[in-house]
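Asks:
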Amino acid sequence: MAGAGMAAHLAGVLAAHTTIPIIGVPIDASSLNGLDALFSTVQMPPGIPVATMGIGKAGAKNAAVLAARILGIDDERLQQQLVQYARDMENQVREKNQALQG
Numbered sequence: 332m333a334g335a336g337m338a339a340h341l342a343g344v345l346a347a348h349t350t351i352p353i354i355g356v357p358i359d360a361s362s363l364n365g366l367d368a369l370f371s372t373v374q375m376p377p378g379i380p381v382a383t384m385g386i387g388k389a390g391a392k393n394a395a396v397l398a399a400r401i402l403g404i405d406d407e408r409l410q411q412q413l414v415q416y417a418r419d420m421e422n423q424v425r426e427k428n429q430a431l432q433g
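For the sequence shown, our numbering begins at 332 and goes up steadily by one.
1. One question on the structure: do Gly365 and Gly343 come within less than 8 Å of each other, judged by their Cβ atoms?
2. If you pair each beta-carbon of the segment 368 to 387 with each one of the segment 416 to 432, do three or more pairs fall below 8 Å?
3. How many Å lie between Leu431 and Ile404 at the Cα?
4. Skipping 5 residues on each side, what residues in its chain have a beta carbon closer than 7 Å to that of Val373?
5. To the nearest angstrom, how far is it from the Cα of Leu345 to the Cα of Gly433?
6. Within the segment 344 to 421, note down every full beta strand (DSSP E) run reaching 3 residues or more, in order along the chain.
In structure tokens, the structure reads:
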């Protein structure tokens with residue numbers, strides 16, 4: 332995972348020098364609210380793939396989940412933990428909805 336703001340070239344540099352998957356997380360570090368980092372991270376030349384997440388904290392969380400899913404391809408225990416994570420998120424949404432409904 333590579334988190335970077337502004338010009339955000341870190342993920343591309345890493346992807347150019349390795350064959351393992353690189354996950355880029357644009358950071359909101361400029362007056363453009365992270366859009367410059369997003370465009371810098373997502374626009375890679377052919378042969379330099381970067382899995383680009385959303386800007387900021389949500390993107391960082393999704394990067395962690397994506398990394399876990401990649402690692403879980405050959406790890407049944409990790410797959411089960413991801414299933415439980417999804418269930419926990421679903422339950423949190425239900426609880427928040429009930430709280431809003433009164």
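Heads up, the beta-carbon is just placed ideally off N, CA and C, and yes, glycines get one too.
All values reported here derive from a predicted model rather than from experimental measurement.
Replies: With the structure as the only source:
1. Residue mapping note: residue 365 aligns to position 34 of the sequence shown, counting from 1. Residue mapping note: residue 343 aligns to position 12 of the sequence shown, counting from 1. No, the Cβ-Cβ distance between Gly365 and Gly343 is not below 8 Å.
2. no
3. Sequence index remark: in the sequence shown, residue 431 carries index 100 (1-based). Sequence index remark: in the sequence shown, residue 404 carries index 73 (1-based). Near 37 Å, if we compare the C-alpha coordinates of Ile404 and Leu431.
4. On the sequence shown, position 42 is the one that residue 373 refers to. Correct list, in chain order: Thr383.
5. Within the sequence shown, numbered from 1, the residue matching residue 345 stands at position 14. Within the sequence shown, numbered from 1, the residue matching residue 433 stands at position 102. Each residue's alpha carbon lies about 49 Å from the other.
6. 354 to 358
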